[in-house]
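Trainee:
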Amino acid sequence: MTPVLPLLIAWVAAVVLAFLDSRRRWVGCLTVAALATVLGSSIVLLFEVLARGPQTTVAGGWPFGIGIVFSADALGATFVVVSVAVVLAAVLFEVLQGARSRTFGALVLFLVTGLCGLFLTGDVFNFYVFFELAMIAAYSLTTYGGSARQLRAGLVFAVVNLLGSFIFLIGVAGIYRVTGTLTMELVSERIAEVDPAATVPIAVSLLVAFLVKLGLFPFHFWLPTVYASARPAVAAILGGALANIGAYGLLRFGADILPEVLRLGAPVLLVLGTVSLLYGGLQAVSRRSAPEVLAYSSIGQVGYVLVALAVGGPVGYAAAILYAVVNSLNKALLFLASELRGWLVGLAFAVGALSVAGLPPAAGFLAKLEVLRAGVEQGALVLVLLVLGSALSFVYMFQIYQHDFWREERSVRAEGRAGGAVTASVALVVLALGLWPEPLLAVSRDAAAVLAGGAE
Amino acid sequence: MTLILAVTVGALFGSGAYLMLKPDLLRIVAGLVLVSNAAILALLAAALDRGRAPILPLGDGPVSDPVVQALALTGIVIGLAVAALLFVLAYQVYRTSETIDLDELSRLETRREQELEQEEVSV
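As you go down the protein sequences, you meet chains L and R in turn.
Position one of the first sequence corresponds to residue 1 (the working numbering), numbered consecutively onward.
Position one of the second sequence corresponds to residue 1001 (the working numbering), numbered consecutively onward.
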């Protein structure tokens, strides 16, 4: 199967939906059906990649090195499946409660097109184009709801992230300058011979762009406003699917294309990661409203991904991938559950809280375990800080749980029940992945094996 | 030539960044447009050479690199779309809040939050 199939389906569906009114029920069903098709095709793609290795196509039938390359490997396909699944859950949640704007379906599908494209592209500049496509859809989605607060959040989000993506574009220009190619495979071959004085500034500009996207500590200031103002479904898409761009970008550009510079910069990543996870944890403990706590928790949680990435090697990369995947499921689950009430949602939220805190039986336990396993190599201090971060996440998650779910039950509206069912099914997935972790572990190891120095 | 372009890119990026620090939405948007143009210029500067038009090279001699031109064109299109989106967002903010001054906006927001808190207390 060609790696562009999920991308094409999403693209066509987005164009069709752009002409339809998403507030109608059948259009909502069509959006969900389109997303389910994209998810199905990406799952097929993932199995194919796992069984037969990376699948590559060159657009327009040009010879390799001239045409634009699309390439699906285990890393990209894993991220596609997870991101599309998260978006599907969030859209199902919103459609069951009734979408509020005409453009909702089209924007979501354009966002998915961008995500599929950037996870499956083998070309540095195309990565930027799809990145921008996903981001522009996300800026518009942030204002979904249309209140003054959401508009302001959308503007802050757009301005900060656009600055990040233009810095990324300057990095791309640098890559082309020093290697003379934009195909990722060729770039990673040629960049090893380039003078480090030229590769370090390029790597720094890429790093800044992805850290802005992830909302890591010194670049986090936009994140709480945006996540706390957006509607729950949109926050779930931003925190669960869009933040994957940052994690994937760091893995792809850091570990795959610039492994030398990554090794050089590992101490920086380690410090930024640990500071971020402590800062996010402490800020989250001091907040009382669920969306704000979850926003700061996002800042803290990506710190683990960065620490695992800094450790590197097969264990570190696999842990980073696993943590990114589990974190996006957690965030989607918790943001969806944050506005609803009732015993079912309470249970779902508890599963998500356990997962963030890294306790069994939720999938987060497995992810934390892998990160700690990677952290052991870094010595006692890092390990202590990682455990401290986990303890903080336990405190803030259950503070919110107690505050929101143990008080008198507010009445559950009928449309809230459908959303509760969606949330509960995401919780079941998180629980199932925690109880039967073998497939997820195997996939994350296969994905890490794609990266330079990631094979065991 | 590379030096001139590098200095221009730096100047564009610098003035864009300066404008983005102003508490005025229109200036921020203008700053981003400048930064986007700095990035496009950097793309062009990435492979600077003299040569014949690559679409139909007549006669001998070197052909200029078509890749950066295609990249710059894509970059310009994206920059235009982004500028349009930002202007629409700024206009929407103006329509809902009647101001594009960021200080004024945050003052409005604080007031709104205080009102909400008072409502909660009275309920």
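The C-beta atom is built at its ideal place from N, Cα and C for all residues, glycine as well.
Quick check on L/Tyr317 - is its C-beta less than 8 angstroms from some C-beta in chain R?
Mentor: The count along the first sequence starts at 1 and reaches residue 317 of chain L at position 317. Answer no: the Cβ-Cβ gap between L/Tyr317 and chain R never drops below 8 angstroms.
Trainee: Mind the definition here: the region 332-340 of chain L touches the region 86-99 of chain L only if three or more C-beta pairs lie below 8 angstroms; say whether that holds.
Mentor: Contact check between the region 332-340 of chain L and the region 86-99 of chain L: three or more CB pairs, one atom from each, fall below 8 angstroms, which counts as touching.
Trainee: Residues of chain R with a CB under 9 angstroms from the CB of L/Glu132: which are they?
Mentor: Walking along the first sequence from the start, residue 132 of chain L turns up at place 132. Going along chain R in sequence order, the residues near L/Glu132 (Cβ under 9 angstroms) are Ile1078, Ala1081 and Val1082.
Trainee: So with CB distances below 9 angstroms, who are the chain R contacts of L/Ala158?
Mentor: As a working note, residue 158 of chain L is residue 158 in the first sequence. Here the neighbours are Leu1032, Val1082, Leu1085, Leu1086 and Leu1089.
Trainee: Cα separation between L/Val32 and L/Val91?
Mentor: Position 32 of the first sequence holds residue 32 of chain L. Position 91 of the first sequence holds residue 91 of chain L. When rounded, the distance between both Cα atoms is 7 angstroms.
Trainee: Between L/Ser289 and R/Ala1011, what straight-line distance do the alpha-carbon atoms span, to the nearest angstrom?
Mentor: Mapped onto the first sequence, residue 289 of chain L falls at position 289. Mapped onto the second sequence, residue 1011 of chain R falls at position 11. Near 43 angstroms, if we compare the C-alpha coordinates of R/Ala1011 and L/Ser289.
Trainee: Could you tell me the distance, in whole angstroms, from the CA atom of R/Leu975 to the CA atom of R/Val1029?
Mentor: Chain R is shown only over 1001 to 1123; residue 975 of chain R falls outside these bounds and no answer can be derived.
Trainee: Give, in chain order, every residue of the region 136-164 of chain L whose Cβ lies closer than 9 angstroms to some Cβ of chain R.
Mentor: Going along the region 136-164 of chain L in chain order, one finds Ile136, Tyr139, Ser140, Thr143, Gly146, Ser147, Ala148, Arg149, Leu151, Arg152, Gly154, Leu155, Ala158, Val159, Leu162 and Leu163 with a Cβ nearer than 9 angstroms to chain R.
Trainee: Counting only beta-carbon atoms, is R/Leu1012 nearer than 8 angstroms to chain L?
Mentor: In the second sequence, residue 1012 of chain R corresponds to position 12, counting from 1. No, its Cβ sits nowhere closer than 8 angstroms to a Cβ of chain L.
Trainee: Output, in chain order, the set of chain R residues within a Cβ distance shorter than 7 angstroms of L/Val204.
Mentor: In the first sequence, residue 204 of chain L corresponds to position 204, counting from 1. Per Cβ cutoff of 7 angstroms: no residues; L/Val204 is ~15 angstroms from chain R at best.
Trainee: What does DSSP give as the partner residue(s) for L/Ala72 in the beta ladder?
Mentor: Position 72 of the first sequence holds residue 72 of chain L. The partner list for L/Ala72 (beta bridge, DSSP) reads L/Gln55.
Trainee: Kindly provide the ranges of any alpha helix (DSSP H) runs that are 4 or more residues long and lie completely inside the region 103-133 of chain L, ordered along the chain.
Mentor: 104-120
Trainee: Quick one: Cα of R/Gly1051 to Cα of L/Ala233, how far?
Mentor: Within the second sequence, the letter at position 51 stands for residue 1051 of chain R. Within the first sequence, the letter at position 233 stands for residue 233 of chain L. Approximately 52 angstroms between the Cα atoms of the pair.
Trainee: Taking the alpha helix (DSSP H) that L/Leu194 falls in, what are its first and last residues?
Mentor: Taking the first residue of the first sequence as position 1, residue 194 of chain L is located at position 194. Before going on, a small fix: residue 194 of chain L reads as Val here, not Leu. No alpha helix (DSSP H) contains L/Val194, which DSSP labels as neither H nor E.
Trainee: Between the C-alpha atoms of L/Tyr144 and L/Ala137, what's the straight-line distance to the nearest angstrom?
Mentor: The residue labelled residue 144 of chain L in the question sits at position 144 within the first sequence. The residue labelled residue 137 of chain L in the question sits at position 137 within the first sequence. Straight-line measurement puts the Cα of L/Ala137 at about 11 angstroms from the Cα of L/Tyr144.
Trainee: Taking the Cβ atom as the reference point for each residue, do L/Val325 and L/Thr78 lie within a distance shorter than 8 angstroms?
Mentor: Residue numbering aside, residue 325 of chain L sits at position 325 when the first sequence is read from its first letter. Residue numbering aside, residue 78 of chain L sits at position 78 when the first sequence is read from its first letter. In this structure, L/Thr78 lies closer than 8 angstroms to L/Val325 by Cβ.
Trainee: CB L/Leu251 to CB L/Ile299, shorter than 8 angstroms?
Mentor: In the first sequence, residue 251 of chain L corresponds to position 251, counting from 1. In the first sequence, residue 299 of chain L corresponds to position 299, counting from 1. Against a cut-off of 8 angstroms, the Cβ pair of L/Ile299 and L/Leu251 comes out as no contact.
Trainee: How long is the line joining the alpha carbons of L/Arg177 and L/Phe253, rounded to whole angstroms?
Mentor: On the first sequence, position 177 is the one that residue 177 of chain L refers to. On the first sequence, position 253 is the one that residue 253 of chain L refers to. Taking the straight line joining both Cα atoms gives about 16 angstroms.
Trainee: Consider the Cβ of L/Ala230: report whether some Cβ of chain R lies at a distance smaller than 8 angstroms.
Mentor: Here the question's residue 230 of chain L lines up with position 230 in the first sequence. It does not: the Cβ of L/Ala230 has no partner Cβ on chain R nearer than 8 angstroms.
Trainee: Which bits of chain R does L/Val194 rub up against, with CB to CB less than 9 angstroms?
Mentor: Start at 1 with the first residue of the first sequence, and residue 194 of chain L comes out as number 194. Result: empty, since nearest Cβ-Cβ is about 14 angstroms, beyond 9 angstroms.
Trainee: Do the region 162-175 of chain L and the region 1101-1118 of chain R make contact, defined as three or more Cβ pairs closer than 8 angstroms?
Mentor: no
Trainee: Going along chain R, which residues have a C-beta under 8 angstroms from L/Ser129?
Mentor: Taking the first residue of the first sequence as 1, we reach residue 129 of chain L at position 129. Contrary to the premise, residue 129 of chain L reads as Val rather than Ser in this sequence. Counting only Cβ-Cβ distances below 8 angstroms, L/Val129 has contacts in chain R at Thr1074 and Ile1078, in chain order.
Trainee: Is the number of C-beta pairs between the region 266-284 of chain L and the region 93-105 of chain L that are closer than 8 angstroms three or more?
Mentor: no
Trainee: Give a yes or no on whether the minimum CB-CB distance between R/Gln1092 and chain L is below 8 angstroms.
Mentor: As a first step, residue 1092 of chain R is located in the second sequence; it is residue number 92 there, counting from the start. Output row for R/Gln1092: interface = yes.
Trainee: For L/Pro201 and L/Gly180, which I take to be in contact (beta-carbon distance under 8 angstroms), what is that distance rounded to the nearest angstrom?
Mentor: For the purposes of this step, residue 201 of chain L is identified with residue 201 of the first sequence, where counting begins at 1. For the purposes of this step, residue 180 of chain L is identified with residue 180 of the first sequence, where counting begins at 1. About 17 angstroms separates the two Cβ atoms, so there is no contact after all.
Trainee: Do the region 104-116 of chain L and the region 4-18 of chain L meet, that is, are 3 or more Cβ pairs less than 8 angstroms apart?
Mentor: yes
Trainee: What's the C-alpha gap between L/Leu440 and L/Ala74?
Mentor: One-based indexing of the first sequence puts residue 440 of chain L at position 440. One-based indexing of the first sequence puts residue 74 of chain L at position 74. Distance between the alpha carbons of L/Leu440 and L/Ala74: 12 angstroms.
Trainee: In terms of residue numbering, what span does the alpha helix (DSSP H) encompassing L/Ile167 cover?
Mentor: Residue 167 of chain L sits at position 167 when you count from the first residue of the first sequence. Run containing L/Ile167: Ala148 to Thr179, per the alpha helix (DSSP H) assignment.
Trainee: In three-state DSSP terms, what is L/Val325?
Mentor: On the first sequence, position 325 is the one that residue 325 of chain L refers to. Helix, per DSSP.
Trainee: At least one CB of chain R closer than 8 angstroms to the CB of L/Tyr176: is that the case?
Mentor: As a working note, residue 176 of chain L is residue 176 in the first sequence. The beta carbon of L/Tyr176 sits closer than 8 angstroms to some beta carbon of chain R.
Trainee: What does a CB cutoff of less than 8 angstroms around R/Leu1032 pick up in its chain, not counting 5 residues either side in sequence?
Mentor: The count along the second sequence starts at 1 and reaches residue 1032 of chain R at position 32. Taken in chain order, the residues that qualify are Gly1016, Met1020, Val1082, Ala1083 and Leu1086.
Trainee: If you compare alpha carbons, which of L/Gln283, L/Met184 and L/Val430 is closest to L/Ala255?
Mentor: In the first sequence, counting from the first residue as 1, residue 255 of chain L sits at position 255. Ranking L/Gln283, L/Met184 and L/Val430 by Cα distance to L/Ala255 puts L/Met184 first.
Trainee: What alpha helix (DSSP H) runs, 4 residues minimum, are completely inside the region 220-306 of chain L?
Mentor: 223-229, 232-237, 244-249 and 259-285
Trainee: Rounded to whole angstroms, what is the Cα-Cα separation between L/Ala59 and R/Leu1025?
Mentor: Start at 1 with the first residue of the first sequence, and residue 59 of chain L comes out as number 59. Start at 1 with the first residue of the second sequence, and residue 1025 of chain R comes out as number 25. Whole-angstrom Cα-Cα distance: 40 angstroms.
Trainee: How would you call R/Pro1057, buried or exposed, if buried means at least 16 neighbouring beta carbons within 10 angstroms?
Mentor: Position 57 of the second sequence, counted from the start, is the residue given in the question as residue 1057 of chain R. Label assigned to R/Pro1057: exposed.
Trainee: With a cut-off of 8 angstroms, does the C-beta of R/Thr1099 fall near any C-beta of chain L?
Mentor: Translated into positions along the second sequence, residue 1099 of chain R becomes position 99. Not an interface residue.
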